[in-house]
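Written below as structure tokens is the structure these notes are about.
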Amino acid sequence: LLGAAACVLLMACANIASLLLARALNRRNEMALRAAIGATGARLVRQMMVEAMVPALLGGALGVALAPAAMRVLATMVPTTVGAPQVSVLDPGLLGVACLLSLTAGVLFSVLPAIQTARIPLTRTLQHGGRSGIGGPALTRDALVVAQVAIVLVLLVGAGLLVRTLTHLRGIDVGFRTERLLTLRTALPHPKYSDPSDRLAFYDRVIARVRTLPGVENAAYVSTLPFLSIGNTTGYRVEGPMRAPDQDVLYRVGTAEYLATLGVQVLEGRLPDARDGRDAPPVVVINDTLARLQWPGASALGRRIIFGDPDSPPRTVIGVVKDVRERGYELAMKPGAYVIYAQVLTSSFPEHLVVRTHGDPAGLVAAVRRVVAEVDPEQPVAAVRTMDDIISLDVVDRTGQAVVLSAFAALALLLACLGLFGVLSYVVAQRTREIGVRMALGATSASIARLVVGRGLALTGTGLTIGLGLAWLVTRTMRSLLFGVGETDPATFAGVVGLLMAVGTAACVVPALRAARVDPITALRQD
Numbered sequence: 025l026l027g028a029a030a031c032v033l034l035m036a037c038a039n040i041a042s043l044l045l046a047r048a049l050n051r052r053n054e055m056a057l058r059a060a061i062g063a064t065g066a067r068l069v070r071q072m073m074v075e076a077m078v079p080a081l082l083g084g085a086l087g088v089a090l091a092p093a094a095m096r097v098l099a100t101m102v103p104t105t106v107g108a109p110q111v112s113v114l115d116p117g118l119l120g121v122a123c124l125l126s127l128t129a130g131v132l133f134s135v136l137p138a139i140q141t142a143r144i145p146l147t148r149t150l151q152h153g154g155r156s157g158i159g160g161p162a163l164t165r166d167a168l169v170v171a172q173v174a175i176v177l178v179l180l181v182g183a184g185l186l187v188r189t190l191t192h193l194r195g196i197d198v199g200f201r202t203e204r205l206l207t208l209r210t211a212l213p214h215p216k217y218s219d220p221s222d223r224l225a226f227y228d229r230v231i232a233r234v235r236t237l238p239g240v241e242n243a244a245y246v247s248t249l250p251f252l253s254i255g256n257t258t259g260y261r262v263e264g265p266m267r268a269p270d271q272d273v274l275y276r277v278g279t280a281e282y283l284a285t286l287g288v289q290v291l292e293g294r295l296p297d298a299r300d301g302r303d304a305p306p307v308v309v310i311n312d313t314l315a316r317l318q319w320p321g322a323s324a325l326g327r328r329i330i331f332g333d334p335d336s337p338p339r340t341v342i343g344v345v346k347d348v349r350e351r352g353y354e355l356a357m358k359p360g361a362y363v364i365y366a367q368v369l370t371s372s373f374p375e376h377l378v379v380r381t382h383g384d385p386a387g388l389v390a391a392v393r394r395v396v397a398e399v400d401p402e403q404p405v406a407a408v409r410t411m412d413d414i415i416s417l418d419v420v421d422r423t424g425q426a427v428v429l430s431a432f433a434a435l436a437l438l439l440a441c442l443g444l445f446g447v448l449s450y451v452v453a454q455r456t457r458e459i460g461v462r463m464a465l466g467a468t469s470a471s472i473a474r475l476v477v478g479r480g481l482a483l484t485g486t487g488l489t490i491g492l493g494l495a496w497l498v499t500r501t502m503r504s505l506l507f508g509v510g511e512t513d514p515a516t517f518a519g520v521v522g523l524l525m526a527v528g529t530a531a532c533v534v535p536a537l538r539a540a541r542v543d544p545i546t547a548l549r550q551d
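Going by my numbering, the residue at position 188 of the sequence shown is 212; the numbering climbs one at a time, nothing skipped.
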């Protein structure tokens, strides 16, 4: 992101350098006269650089003034579960950086125009009255536009790859209904709830009261919520031959209605319910990965599995559910098992209350807190958030990077468009007499317009060629940020190239129309 910001800064410098170069060319007579009366090249360079520092420092001051608003915008990108960044915008260190950047930018966008102006031959300038060709400076302005197009292509490709990554991640089926799920944590202290029966009684009372609240569809407790842990596994063995020995399984302990509250998809059998109480035969629900791993091509229902201690009672599989993304979007699926706390009591205490609501989960937070306080006034409640918030945390880094990088890319695209427009407009203005002569000799308005558009597309095409090479190198450093898309994704590259060609063409339209409307008589009379 710092690199993207630096690219935008360089593009702004290139744009202003192009404007200053055009301004310097219009001041050639003035600079020639200064040189004629004794001003040295170094003094002329120093004068132009000092003049350029004024807008640079004004821009820095404006940036500092806008920084508080920018920080508020950035804070909106941070999930509420993380908290807004606590940064003082007027921190002396940041002010120092802003001042340093302003001075550096002033040097960057003033040095080329100053040097070009100092190199203009005095005799040629005075003889031609400031109407000489624009060879060297024109090449410099063209190079600046080419560099801008190359930079914006790199930024757009990076933003496009991140956006496609987010699209791929968000398109993954997480295995349950994420909407309208409120979660919170009640970690029961062991000294007070050392007896597993007391814990079970707490869970049952909380769940029973929460279910009576208006707007609540269902409620349950579980030891580990999806997306919050990549582990919490245990060993297991099945009765009969083990097709995949030395495997572990994601082990989730919850109350009977947990899977129903979560909204999982049943592939085979049924979900636990009130029939599977403390005195009922031990049962388990497994995920599709475990079923396919141990019993490929056969039904898993009725199979018996022993978890953890070999002396533990075997549990009968009563259901198979679609894989739940317990470990987040990116990690591969693992075998998973869901057991009922009333049937184990002593392992993996449930701590997370999950509430399925009919409406906005945030509207029930206060009511659920009151229920917990009524059951145990000394029990704290923590980590109150929706399931959507939890899932968003898995992609929060990429989301923030994609948003900011896209904003930088959009700004860079605007700057590149303005740069190309400015160069072509200046070329038309400088070559008005030449265009008049061409039209007087028979050139049509269409041919003149094609001439201007052709130059603009040539600059754009050169920038795209260079930018493709740079993007191919830069995107390799983004490999760890991407998912479901390669760092050289052809669709992204082709889309960005097409967009820039369209924008480049649009930037040529106004200067081309202006050139096509030149009156040859008026243009020749100006000479």
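Just so you know, even glycine gets a beta-carbon here, dropped at the ideal spot from N, CA and C.
With fewer than three CB-CB distances shorter than 8 Å, the region 430 to 442 does not count as touching the region 213 to 225. Per the DSSP secondary-structure output, Thr207 pairs in a beta bridge with Val378, Arg409. The residue among Ala99, Val447, Leu494, Lys216 with its C-alpha nearest the C-alpha of Ala482 is Val447. Residue pairing from DSSP places Ile329 in a beta bridge opposite Val262, Arg339.
Take the alpha-carbon of Asp219 and the one of Gly508: they are about 48 Å apart. Of the residues assessed, Lys358 falls on the buried side of the cut-off, its CB having 16 or more other CB atoms within 10 angstroms.
Per DSSP, the continuous beta strand (DSSP E) segment holding Asp272 begins and ends at 272 to 278.
For Ile40, the enclosing alpha helix (DSSP H) has its first and last residue at 26 to 50. Residues of the same chain with a CB within less than 7 Å of the CB of Tyr275, apart from the 5 flanking positions on each side, are Asn256, Thr257, Thr258, Phe331, Ala361, Ser372 in chain order. With distances taken between CA atoms, His214 lies nearest to Pro374 out of Leu45, Pro374, Ala406, Thr202. Looking only at Lys346, Glu281, Ala46, the smallest Cα-Cα distance to Phe200 is reached by Lys346. Under the three-state reduction of DSSP output, Val170 falls in the helix class.
Contact check for Leu206 against Thr381 passes: the beta carbons are separated by less than 9 Å. By the Cβ rule, the region 393 to 406 counts as touching the region 225 to 241, because three or more pairs are nearer than 8 Å.
Under DSSP, Gly293 takes part in a beta bridge, and its partners are Gly343. Taking a 10 Å sphere around the C-beta of Ala38, we find 16 or more other C-beta atoms and assign the residue as buried.
Two segments are said to touch when three or more pairs of C-beta atoms, one from each, lie closer than 8 Å; by this definition the region 175 to 186 touches the region 507 to 524. In the structure shown, the three-state DSSP call for Thr370 is coil.
Counting only runs of 3+ residues, the beta strand (DSSP E) found wholly inside the region 385 to 458 occupies 406 to 410, in chain order. Per DSSP, the continuous alpha helix (DSSP H) segment holding Glu75 begins and ends at 65 to 100. Rounded to whole angstroms, Trp496 and Cys123 show a C-alpha spacing of 34 Å. Per DSSP, Ile364 is not a residue of any alpha helix (DSSP H); the beta strand (DSSP E) it occupies stretches across 360 to 364.
Excluding sequence positions up to five before and after Met77, its CB lies within less than 6 Å of the CB of Gly130, all in the same chain and listed in chain order. Look at Tyr217 here: in three-state DSSP terms it is coil, with no helix or strand label.
Listed in chain order, the non-local C-beta contacts of Val170 below 8 Å within the same chain comprise Leu483, Thr486, Gly487, Ile490, local neighbours out to five positions each way being set aside. In this structure Gly460 touches Pro544 by the C-beta definition: roughly 4 Å separates them, less than 8 Å. Contact between the region 440 to 458 and the region 528 to 538 is present: 3 or more CB-CB pairs across the two stretches fall below 8 Å. The alpha-carbon of Thr456 is positioned some 20 Å away from that of Thr164. Within its own chain, the residues whose Cβ lies closer than 8 Å to the Cβ of Glu263, once the five positions on either side in sequence are excluded, are Arg327, Arg328, Ile329, Ile330, Pro338, listed in chain order.
With contacts defined by Cβ atoms closer than 9 Å, Leu429 and Ala28 form a contacting pair. The beta carbon of Thr370 lies closer than 7 Å to those of Pro220 in the same chain, with the five residues before and after it left out. Leu45 and Gly65 have their C-alpha atoms some 16 Å from each other. Ile254: not part of any beta strand (DSSP E); DSSP gives it neither H nor E. Residue pairing from DSSP places Ala244 in a beta bridge opposite Val378. Rounded to the nearest whole angstrom, the CA to CA distance from Val341 to Met502 is 44 Å. Nearest to His376 by alpha-carbon distance, out of Ala244, Pro238, Ala315, Asp303, is Ala244.
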